[in-house]
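Everything in the sequence shown is counted per the numbering used here, starting at 1 for the first residue and increasing by one.
As structure tokens, the structure follows; a few thoughts come after it.
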Amino acid sequence: MSPSSTPQPPEATRATRGRPPRLDHARTVEAALQLLDASGLDALTMRRLADAVGTQAGALYRYFAAKQDLLTAMAERMLADCTPRSPAHGDWSEQLADLARRMRTALLNHRDGARVYAGTHATGENTLGFADTLVGVLLDAGFQPDDAARAALAVVHFTVGHTLEEQAATQATDEEPADPERLRQAVTSGHYPHLAAALPVLTSSDFTAHFEFGLRLLVRGLRSLD
């Protein structure tokens, strides 16, 4: 067989044989999200991520000085599709509700998504673009800048907080099962008449209904500033 006819390994194999693959920020964040979906936030470590991308844990610090920096990058990536390409139909309240729903969906798309997002302060184009659109909807509706900023924070905080509780309930582990029957038994076996009357909702797993109710209350409150 002539040298020209000798089978050659794939280009990627030739480029990385004998040394770790070159790190790529976007690929590393995607790998982190895959690990998150597979095992959850508590199992996501820099060492496991390094193994997943075929490098040493120390090499990751080129991009992420601490795990919190990694979580911030993951949060930024989760919001990639949150900003609509064109404004939603309807008035400002419908546009604001649409943005809140988009954010909830983005966080629910990943296991422990709300836990990852909470406490991060990303300044990437996904996060800032979403925030700019949210504040812009309120400014266009006639809100003063200070009120628009606080209203946007209220929407984000409500959405993240609700999704934290939702994922805590729906992603419960064998060690910590989410069992509404425990609440039912505790309420009905004691003297809690007001809770007993509200049990159908308190033990309901219709988190979309819970979210929409809270969102409507929030919008109605904001209308008093409009």
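All C-beta atoms in this analysis are idealised placements derived from N, C-alpha and C, irrespective of residue type, glycine included.
Rounded distance between the beta-carbons of residue j and residue i, thought under 8 Å
i: Q167; j: G113; result: 7 Å
i: M46; j: A57; result: 5 Å
i: A73; j: V116; result: A73 to V116, Cβ: 10 Å. No contact.
i: R184; j: L199; result: 6 Å
i: D147; j: L23; result: Going by Cβ atoms, the distance from D147 to L23 rounds to 44 Å, so no, they are not a contact pair.
i: A152; j: A131; result: 7 Å
i: R85; j: Q171; result: Going by Cβ atoms, the distance from R85 to Q171 rounds to 31 Å, so no, they are not a contact pair.
Opening and closing residue of the alpha helix (DSSP H) in which residue i lies
i: G233; result: It is not possible to answer for residue 233, since the shown part of the chain is limited to 1 through 226.
i: F143; result: Segment: none, F143 is in no alpha helix (DSSP H) and carries neither H nor E.
i: A198; result: P193 to L202
i: R182; result: P180 to T188
With 16 other Cβ atoms within 10 Å as the buried cut-off, status of residue i
i: T208; result: exposed
i: H162; result: buried
i: V155; result: buried
i: V201; result: exposed
i: L217; result: exposed
i: T105; result: exposed
i: L134; result: buried
i: A26; result: exposed
i: E175; result: Because E175 carries a pLDDT of 49, less than 50, the predicted location of this residue cannot be relied on, and the following value inherits that uncertainty. Flag for E175 reads exposed.
i: H89; result: exposed
i: T227; result: The chain is shown only over 1 to 226; residue 227 falls outside these bounds and no answer can be derived.
i: R220; result: exposed
i: R102; result: buried
i: F64; result: buried
i: A66; result: exposed
i: T123; result: exposed
i: L222; result: buried
Residue i CB to nearest heavy atom of the ligand PLP below 6 Å
i: A131; result: For the ligand PLP, the structure offers nothing, since it holds no ligand at all.
Threshold first: 3 residues or longer. Then list the beta strand (DSSP E) segments lying entirely within the region 60-134, N to C.
none
For the 8 Å Cβ check, are there 3 or more pairs between the region 71-81 and the region 183-191?
-> no
TODO: Could you say if the region 49-60 and the region 18-38 meet the contact criterion of at least three C-beta pairs nearer than 8 Å?
DONE: yes
| Would the region 89-100 and the region 135-147 be scored as touching if the rule is three or more Cβ pairs under 8 Å? | yes
- Mind pulling the beta strand (DSSP E) runs of 3 or more residues that sit fully within the region 28-55? none
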